[in-house]
Amino acid sequence: MGSFGPGEIIILFIMLFGILLLPLILYLLTLQKTLNLVRPENRHMEPGLVWLALIPIFSIIWNFFIVSKVAESLRLEFKQRNIQTQEEKPGYTIGLAYCILVCCTIIPVLGLLTSIAGLVCWIIYWVKISGYKAELEATR
């Protein structure tokens, strides 16, 4: 068994980075498609702006804006379409929890726990927004 050369390490790093980036891209695509289904007069954010979340560090703050603007856009759209939801601001609570937990990951020791909880909340938020997207598609 030989050791890895510099080229192989770079290829391995790129593959690993791509595997980790893929879920984020799919998540942002879900958000963009959801906002595209909201009438322009109800949108509090242009769909393409979700991609700013790919900017490292900036995304930590930008996610708060995304969660808030998507929730408000969905609230207005559901009200206009007369779609009943259990939440006043769809997805806001779990989305906010996700954002706060991500911010807390910088806290030593506690950061590991908050990163795991943040990942769980992110997945729940993604699934919830995906469900709202399906509702919007069904009532088109």
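Those letters in the sequence shown? Residues 1 to 140, by the numbering used here. Built from N, CA and C at the ideal position, the CB exists for glycine as well.
I'd like to check one pair, residue j with residue i: are the Cβ atoms closer than 8 Å?
i	j	result
G91	A117	no
L136	L37	yes
L29	P47	no
V120	N63	no
T114	C104	yes
I83	T139	yes
L31	I55	no
K133	K33	yes
For residue i, is the classification buried or exposed, using 16 other Cβ atoms within 10 angstroms of its Cβ as the cut-off for buried?
i	result
G95	buried
I106	exposed
S3	exposed
I10	exposed
L74	buried
I19	exposed
I129	buried
Three-state secondary structure (DSSP) at residue i?
i	result
Q80	helix
Q86	coil
G91	coil
F65	helix
P108	coil
S3	coil
I124	helix
M45	coil
P23	helix
V38	coil
T30	helix
Give a yes or no on whether 8 Å exceeds the smallest Cβ distance from residue i to chain B.
i	result
V109	No chain B appears in the structure shown, which is made up of a single protein chain.
Would you check if there are 3 or more beta carbon pairs closer than 8 Å linking the region 38-45 to the region 64-82? yes
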